[in-house]
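Encoded as structure tokens, the structure appears first; notes follow it.
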Amino acid sequence: MERRPVVRRSPGRRARFLAVAAARFHRDGHHRVSTAETAAEVGTTAPALYRHFRNEPELLLRAVEPGLHAVCAATASGGAAELAEVALERREFGTFWRRCDGSCGRPSGNPRARRARRASRPGGRCSPPAAA
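The opening position of the sequence shown corresponds to residue -4 in the numbering used here, with each subsequent residue numbered one higher.
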């Protein structure tokens, strides 16, 4: 039996998927981004993307999660200056949130998505970032 060669994946592929997805969500809007196009921009295929993320809502959540946690931390500190700084540093997060009016990526059974939505509401509690 012939052995197939071992394929080595480049390190940081998950991070590249997230960076490309976040940029595309910012540029095109959530509903216009496909996993195939996102994967192609990284230089791979959609099935490879699905090795890192279960589905599109999870990719969306993971792409916006760092921005959400930055907003939560700035809100928790209570200072308008901190929140303004985050808004300037993470413009893509604000653009995404305005486009979908806070209703994008709501997988009904996903507890992390529910936590993210609760945390984004005024007076919501911020939870620490999930380990990837």
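Every residue gets a Cβ at the ideal spot worked out from N, C-alpha and C, and that includes glycine. Bear in mind the structure is a predicted one, so any value in this text is a computation, not a measurement.
- Going by beta carbons, GLU(-3) and VAL15 fall outside the 8 angstroms limit.
- For the alpha helix (DSSP H) assignment, the uninterrupted runs of no fewer than 4 residues enclosed by the stretch 20 to 90 are, from N- to C-terminal side, 30 to 37, 41 to 44, 51 to 72, 75 to 84.
- Remark: C-beta atoms of PHE20 and HIS47 do not approach each other more closely than 8 angstroms.
- Residues of the same chain with a CB within less than 8 angstroms of the CB of THR40, apart from the 5 flanking positions on each side, are ALA31, ALA34 in chain order.
- Of the candidates ALA43, ALA76, CYS67, ALA43 places its Cα closest to the Cα of ARG8.
- Judged by DSSP in its simplified three-state form, ARG(-2) adopts coil rather than helix or strand.
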